[in-house]
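Some notes on the structure that comes next.
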Amino acid sequence: MRQNLHTHSTWCDGKNTTREMAEAAVRKGFDILGFSGHACVPSWDGSMSVDDTRAYVREVLELKEEYKDRLKIYLGIEADTESRLLFKEPFEYVIGSCHSLARDGVRMAVDYSRGVFEFMLDSWYHGDYREFVREYYKEVRRMENWEEADIIGHIDLITKFNEDEAFFRFDDPYYVKEATDAIDVFAGKKILEVNTGAISRGYRKTPYPARNLLQYMKEKNVRITLTSDCHNAEYLDCCYPETLDMIKACGFRSMAVLTENGFIDMDIDQFR
Ligand SMILES: [Zn+2]
Ligand SMILES: [Zn+2]
Numbered sequence: 175m176r177q178n179l180h181t182h183s184t185w186c187d188g189k190n191t192t193r194e195m196a197e198a199a200v201r202k203g204f205d206i207l208g209f210s211g212h213a214c215v216p217s218w219d220g221s222m223s224v225d226d227t228r229a230y231v232r233e234v235l236e237l238k239e240e241y242k243d244r245l246k247i248y249l250g251i252e253a254d255t256e257s258r259l260l261f262k263e264p265f266e267y268v269i270g271s272c273h274s275l276a277r278d279g280v281r282m283a284v285d286y287s288r289g290v291f292e293f294m295l296d297s298w299y300h301g302d303y304r305e306f307v308r309e310y311y312k313e314v315r316r317m318e319n320w321e322e323a324d325i326i327g328h329i330d331l332i333t334k335f336n337e338d339e340a341f342f343r344f345d346d347p348y349y350v351k352e353a354t355d356a357i358d359v360f361a362g363k364k365i366l367e368v369n370t371g372a373i374s375r376g377y378r379k380t381p382y383p384a385r386n387l388l389q390y391m392k393e394k395n396v397r398i399t400l401t402s403d404c405h406n407a408e409y410l411d412c413c414y415p416e417t418l419d420m421i422k423a424c425g426f427r428s429m430a431v432l433t434e435n436g437f438i439d440m441d442i443d444q445f446r
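To convert a position in the sequence shown, counted from 1, into the working numbering, add 174.
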């Protein structure tokens, strides 16, 4: 089993067309490809406009039909805490993600750049990472009652520019408490993702979430799915083998797989 439910195309901020993505998926031996274009955030041109969303839906459903004998294609969307969807139709699954925080009516993305991250930390949170971390996970936890969301994306995105632990340590008790409280909120309700996207784009060497949080997810019996948050077809399977090894080493015995009847759990040894 090879599955990737977190992928972006030229309809949002991805490099390739949906067809190029489907071709790459077939070439790389995927069984399941889900498209998760960025749902409309009016202030961000990397998301899909309402008109684009209609065209995206049509195109993905056409591809689903065309490829049905070679590849299972699913129509999804990545919704954002800045702009909740509130509905699921016509999507077959929804990823809920937190990318940004607001202060005094201004929104800034925590994953935009190291410079923006430092600006937010210094001017919004007075250099106190604890305040930043608290606000971030509070925003993440808002998705607790999002009935439309199946998967919560990159739960610790706030660590994107902190792999060197320049801003805070991954095992800092304050940080770990905030992050694990957020995991607790979703345990038993949502699927959390193991996301290699930042590796393919050169920002990180390890996936989201950090290993200690992944271990905690296992202890809490959280359902997971492996994705590459793909923005470039070449990296559709970015670091899948080594990440799968890490998932197994944490003790996971299964991962969630999307079917026409919703998510099922499949034995971890079935995946590659
Ligand atoms: Zn995202
Ligand atoms: Zn994404």
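Note that the Cβ used here is the ideal one computed from N, Cα and C, for glycine as well.
Bear in mind that the values here come from a model prediction, so they are computed numbers and not experimental data.
### Query
How many angstroms separate the CA atom of residue 154 from the CA atom of residue 445?
For residue 154 there is no data in the structure shown, the boundaries of the chain being 175 and 446.
### Message
Using a Cβ-Cβ cutoff of less than 6 Å, which residues in the same chain neighbour residue 397 once the five nearest sequence positions on both sides are dropped?
### Response
Excluding residues within five positions, the ones whose Cβ falls inside 6 Å are 365, 430.
#### Entry: Touch test, the stretch 400 to 410 against the stretch 195 to 202, Cβ-Cβ under 8 Å, three pairs minimum
With the rule of 3 Cβ pairs closer than 8 Å, the stretch 400 to 410 counts as touching the stretch 195 to 202.
### Message
Any heavy atom of ligand 2 closer than 7 Å to the beta-carbon of residue 403?
### Response
The closest heavy atom of ligand 2 lies less than 7 Å from the beta carbon of residue 403.
### Message
I need the boundaries of the alpha helix (DSSP H) containing residue 234, first residue and last residue.
### Response
Membership of residue 234 in the alpha helix (DSSP H) is indicated by the continuous run 224 to 240.
#### Entry: Reference residue 307, options 321, 329, 289, closest by Cα
When C-alpha distances from residue 307 are compared across 321, 329, 289, the shortest belongs to 329.
### Query
Should the stretch 312 to 327 be called in touch with the stretch 249 to 267, which here means at least 3 C-beta pairs below 8 Å?
Touching, yes.
### Message
At a cut-off of 7 Å, would you count residue 211 as near ligand 1, judging by its Cβ distance to the nearest heavy atom?
### Response
Outside the cutoff, so no.
#### Entry: Within the stretch 232 to 290, ranges of the beta strand (DSSP E) (whole runs, at least 3 residues)
Along the stretch 232 to 290, the beta strand (DSSP E) occurs as fully enclosed runs of 3 or more residues at 246 to 254, 267 to 271, 274 to 277, 280 to 283, listed in sequence order.
### Query
When the Cα atoms are used, what is the spatial distance from residue 241 to residue 187?
Residue 241 and residue 187: Cα-Cα distance of roughly 23 Å.
### Task
Would you check if the distance between the CB atom of residue 276 and the CB atom of residue 213 is smaller than 8 Å?
With respect to the 8 Å criterion, residue 276 and residue 213 are not classified as neighbours on the basis of their beta carbons.
### Message
Only counting the same chain, and skipping five residues up and downstream in sequence, which positions put a Cβ closer than 6 Å to that of residue 305?
### Response
Around residue 305: 299.
### Query
Hey, is the stretch 388 to 403 in contact with the stretch 418 to 432, meaning 3+ C-beta pairs nearer than 8 Å?
Contact between the stretch 388 to 403 and the stretch 418 to 432 is established, with three or more Cβ pairs separated by less than 8 Å.
#### Entry: DSSP state of residue 161 mapped onto helix, strand, coil
Residue 161 falls outside the range modelled here, since the chain spans only 175 to 446, and no answer is possible.
### Query
So is residue 293 buried or exposed if we call it buried at 16+ other beta carbons inside 10 Å?
In this structure residue 293 is exposed. Its beta-carbon is surrounded by fewer than 16 other beta-carbon atoms within 10 angstroms.
### Message
For a test of your reading of the model: does the CB of residue 327 fall under 7 Å from any non-hydrogen atom of ligand 2? Yes or no.
### Response
The answer is yes for residue 327.
### Opposing strand residues paired with residue 366 [DSSP bridges]
Checking the DSSP bridge columns, you'll see residue 366 partnered with 326, 398.
### Message
Is any non-hydrogen atom of ligand 1 found closer than 7 Å to the C-beta of residue 273, if you look at the structure I gave you?
### Response
For residue 273, the shortest separation between its Cβ and any heavy atom of ligand 1 lies below 7 Å.
### Query
Hey, is residue 367 close to ligand 2, as in C-beta under 7 Å from one of its heavy atoms?
No, ligand 2 has no heavy atom inside 7 Å of this Cβ.
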